[in-house]
Ligand SMILES: *Cc1c(COP(=O)(O)O)cnc(C)c1O
């Protein structure tokens, strides 16, 4: 059994994948070929965002979004400590300071009440941690849609409007999800997603995309993507990156996008079956009404995670821990000197969380095996 089975998907779309790839091989426009703009149009259409700018990875998408908002030294950007390193890494990379705000114990997404407190404390001159620099300017927040579930954007927006912060959605795991009728990609000033192979919509390498309704942000993103170009490639008006998606990856995504809505639906069914069968044994995911998760992961909490993972392993079932160590305790952020206990919910969840196999092609029989192994652990 596989944790994420990409082979069944490949078999399903083999013909269109090959046609798409062959088309690129014959036109030979490997960089910024026609598939790239076709993909951007289709993704914008899918999310109903005004603009989509594709790019080289989810990490670069986050980096570009911060660059387009001129975030840098002296700026504070709030985010969750219970996420993949990339979310906070890009903040530090630009010389800005990540301020970690603990998560909600049910959704594992940033807790809006604690976000408000953290912004107010910083505005009053109170440091977030001993190593946080003095006199930071509050600039933005990166809510992460963890495991595919959109963060609480209404509550976050209300705080950000009052406090003058921009919202950058880390939608790396949530493409395909919705929040109160709005598609992921449309929930922040800028939204960043990833097409890493294991994400809900994945390519066969690295890839990512940005979404915004703001024309001037879009223009900046286009420039940043190609070395800070101005009127052409050899007119450079800012420091930028080489952050384009490959044409081949765009072609692969176009083939996958055709079946993506059906796959999102299949993930809902898999998740529902898990929840019905496991809710009396472990803490199953809490999905607020009006939200739809893209189910990048199906994660449960168990106070005997060791025992649970051993039982699964003995039954030949793969499982994974996202994330074993919250970011505020990672060595990479030790310069900020967050003490243990400073984000207690993240710390406790990181000790109990475990993700089960989740993909659109998980057979009922395989799922029964997983359910039995969890219930008997
Ligand atoms: C995967 C992921 C990223 C980074 O995406 P890449 O395409 O791997 O660079 C960023 N944030 C979160 C929450 C992720 O899960």
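Numbering (my numbering), first residue to last: 57 to 433. Built from N, CA and C at the ideal position, the CB exists for glycine as well.
Within 7 Å, strictly: CB atoms of residue 152 and residue 127: Here residue 152 is taken as the residue at index 96 of the chain shown, counted from 1. Here residue 127 is taken as the residue at index 71 of the chain shown, counted from 1. Cβ distance < 7 Å, so residue 152 and residue 127 count as in contact.
Range covered by the beta strand (DSSP E) that runs through residue 240: Looking up residue 240 in the chain shown gives position 184. Taken as a continuous stretch (DSSP letters only), residue 240 belongs to no beta strand (DSSP E), as it is neither H nor E.
Buried or exposed by the 16-neighbour rule on C-beta atoms within 10 Å, applied to residue 81: In the chain shown, the residue the question calls residue 81 occupies position 25. Residue 81 comes out exposed.
Residue 355 in three-state terms, based on DSSP: The residue labelled residue 355 in the question sits at position 299 within the chain shown. Three-state DSSP puts residue 355 in a strand.
Neighbourhood of residue 242 by C-beta, 7 Å cutoff - its chain only, sequence neighbours within 5 removed: The count along the chain shown starts at 1 and reaches residue 242 at position 186. For residue 242, where only same-chain residues beyond five positions count, the Cβ hits under 7 Å are 103, 104, 105 and 267.
Selection from 129, 226, 380 and 110 that minimises the alpha carbon distance to residue 403: To locate residue 403, count along the chain shown from 1; it is residue 347. Measuring from the Cα of residue 403, the nearest candidate turns out to be 380.
Residue 137 vs residue 147 beta-carbon contact at 7 Å: Working through the chain shown from its first residue, we reach residue 137 at position 81. Working through the chain shown from its first residue, we reach residue 147 at position 91. Contact: no.
Cβ pair residue 200, residue 175 closer than 7 Å: Position 144 of the chain shown, counted from the start, is the residue given in the question as residue 200. Position 119 of the chain shown, counted from the start, is the residue given in the question as residue 175. Not a contact, by the Cβ cut-off of 7 Å.
Residue 250: CB within 6 Å of a non-hydrogen atom of ligand 3: This structure does not include ligand 3; its bound ligands are ligand 1.
Contact under 7 Å by Cβ, residue 307 with residue 232: Residue 307 sits at position 251 when you count from the first residue of the chain shown. Residue 232 sits at position 176 when you count from the first residue of the chain shown. No.
Closest by C-alpha distance to residue 240, when choosing among 346, 150 and 276: By 1-based counting over the chain shown, the position of residue 240 is 184. Nearest option by C-alpha distance: 346.
Spatially closest choice to residue 297 from 78, 120 and 270, by CA coordinates: For the purposes of this step, residue 297 is taken as the residue at position 241 of the chain shown. Answer by Cα proximity: 120.
Secondary structure of residue 154, DSSP reduced to three states: Position 98 of the chain shown, counting from 1, holds the residue named residue 154. Looking at residue 154 - three-state DSSP - the assignment turns out to be strand.
Exposure of residue 168, with buried meaning 16 or more beta-carbon neighbours within 10 Å: Taking the chain shown and counting its residues from 1, one reaches residue 168 at position 112. By the 10 Å Cβ count, residue 168 comes out buried.
Residue 283 versus residue 66: straight-line alpha-carbon distance, rounded: By one-based count along the chain shown, residue 283 stands at place 227. By one-based count along the chain shown, residue 66 stands at place 10. Cα to Cα, the separation comes out at about 34 Å.
Candidates 264, 367, 300 and 192: closest to residue 249 by CA position: Reading the chain shown from its first residue, position 193 is the one you call residue 249. Here the closest residue by C-alpha is 264.
CB of residue 111 within 7 Å of CB of residue 96, strictly: Walking along the chain shown from the start, residue 111 turns up at place 55. Walking along the chain shown from the start, residue 96 turns up at place 40. No, the pair does not count as a contact, with Cβ atoms beyond the cut-off.
Terminal residues of the alpha helix (DSSP H) in which residue 102 lies: Numbered from its first residue, the chain shown carries residue 102 at position 46. Note, residue 102: alpha helix (DSSP H), 90-103.
Pairwise C-alpha distance: residue 383 and residue 217: By one-based count along the chain shown, residue 217 stands at place 161. By one-based count along the chain shown, residue 383 stands at place 327. Whole-angstrom Cα-Cα distance: 27 Å.
Touching by the beta-carbon criterion (3+ pairs, under 8 Å), the stretch 351-361 and the stretch 325-342: yes
Three-state secondary structure assigned by DSSP to residue 363: Start at 1 with the first residue of the chain shown, and residue 363 comes out as number 307. Looking at residue 363 - three-state DSSP - the assignment turns out to be helix.
For residue 138, the three-state DSSP class (helix, strand or coil): Position 82 of the chain shown holds residue 138. Coil.
Whole-angstrom C-beta distance between residue 178 and residue 132, which should lie under 8 Å: Locating residue 132 in the chain shown gives position 76, counting from the first residue. Locating residue 178 in the chain shown gives position 122, counting from the first residue. Contact flag correct, Cβ pair sits at about 6 Å.
Counted within 10 angstroms of its Cβ, other Cβ atoms place residue 366 as buried (16 or more) or exposed: In the chain shown, counting from the first residue as 1, residue 366 sits at position 310. It counts as exposed.
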